[in-house]
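As structure tokens, the structure follows; a few thoughts come after it.
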Amino acid sequence: MFFGEERKKKKEFEKIYEQNVDKIFRFAYLKVSSKDEAEDITSVVFTRFWEKIEKQEKHEDKEIKNPKAFLYTIARNMIIDHYRERREEKDVDIEKVTIKDERVSIEEDALIKHDIEQIKKALDNINEDYQNVIIWYYINELTIPEIAELLNKPEANIRVLIHRAIESLKKELKN
Numbered sequence: 004m005f006f007g008e009e010r011k012k013k014k015e016f017e018k019i020y021e022q023n024v025d026k027i028f029r030f031a032y033l034k035v036s037s038k039d040e041a042e043d044i045t046s047v048v049f050t051r052f053w054e055k056i057e058k059q060e061k062h063e064d065k066e067i068k069n070p071k072a073f074l075y076t077i078a079r080n081m082i083i084d085h086y087r088e089r090r091e092e093k094d095v096d097i098e099k100v101t102i103k104d105e106r107v108s109i110e111e112d113a114l115i116k117h118d119i120e121q122i123k124k125a126l127d128n129i130n131e132d133y134q135n136v137i138i139w140y141y142i143n144e145l146t147i148p149e150i151a152e153l154l155n156k157p158e159a160n161i162r163v164l165i166h167r168a169i170e171s172l173k174k175e176l177k178n
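Heads up, my numbering is the position in the sequence shown plus 3, with the first residue counted as 1.
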């Protein structure tokens, strides 16, 4: 069993939550471009994770071997559901993406916002698998072995996928 007794289970859940909540939020936020919706998705992800632990504890469900992969799987499914429900174009609120630095001039701030907007648009136009590996590897700093486990693919395939994703993003940015 993954967690054991109740107290140990809660401590382990807290540890997994603390290690992953920001990464799951960032992943969701970059995919849905709304802070509120990303927070909602993150909340549901961890609620479902807890429910899975409870079922597992009661021997009603199979063991979670990789909690991080399980969390990202839930998050990916939630994002898919989100877009099935909305069926509309994603809008980016650039004010929420950038952090205001008082040392940056108005011109520099405008250029940063423009660059972020261009990258976000380019990300939106590439293959979803490419989007995911770019976010996981470069933003959430997951390792290649972690991504390989998440996608259930060999590490060599993930390296190729990351390379292709970056090439696709570069090509999209040139357009």
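From the three backbone atoms N, C-alpha and C, an ideal C-beta is built for every residue, glycine too.
Around the C-beta of residue i, are 16 or more other C-beta atoms found within 10 angstroms, so that it is buried, or is it exposed?
i, result
"Lys-177", "exposed"
"Thr-45", "buried"
"Ala-151", "buried"
"Asn-23", "buried"
"Ile-102", "Confidence at Ile-102 is low in this model, with a pLDDT of 44, below 50, so its placement is unreliable and the value that follows should be read with caution. Flag for Ile-102 reads exposed."
"Ile-182", "There is simply no residue 182 to check, as the chain begins at 4 and stops at 178 in what is shown."
"Ile-161", "buried"
"Gln-121", "exposed"
"Ile-83", "exposed"
"Asn-80", "exposed"
"Ile-109", "exposed"
Distance check for residue j and residue i, CA to CA, integer angstroms please.
i, j, result
"Arg-43", "Val-163", "The residue you asked about is not Arg; residue 43 is Asp in the sequence shown. Each residue's Cα considered, the two are about 33 Å apart."
"Glu-66", "Leu-114", "49 Å"
"Phe-28", "Ser-36", "11 Å"
"Glu-170", "Pro-148", "21 Å"
"His-117", "His-166", "25 Å"
"Ala-41", "Val-48", "10 Å"
Starting from the C-beta of residue i, find all residues in its chain whose C-beta is less than 6 Å away, skip the five residues before and the five after it, and write them out in chain order.
i, result
"Pro-70", "Ile-19"
"Ala-125", "Leu-172, Glu-175 and Leu-176"
"Trp-139", "Leu-145 and Ile-150"
Between the beta-carbon of residue i and the beta-carbon of residue j, is there less than 8 Å?
i, j, result
"Tyr-182", "Lys-26", "The requested residue 182 is not part of the displayed model; the chain covers only 4 to 178."
"Ile-159", "Ile-137", "Looking at the sequence shown, residue 159 is not Ile but Ala. Against a cut-off of 8 Å, the Cβ pair of Ile-137 and Ala-159 comes out as no contact."
"Phe-16", "Trp-53", "yes"
Looking only at its own chain, which residues have a Cβ that is under 7 Å from the Cβ of residue i, when we skip the five neighbours before and after it?
i, result
"Ala-72", "Glu-152 and Leu-153"
"Asp-132", "Leu-164"
"Tyr-86", "none"
Using a Cβ-Cβ cut-off of 8 Å (strictly less than) and excluding sequence neighbours within five positions of residue i, which residues of its own chain qualify?
i, result
"Arg-51", "Ile-77"
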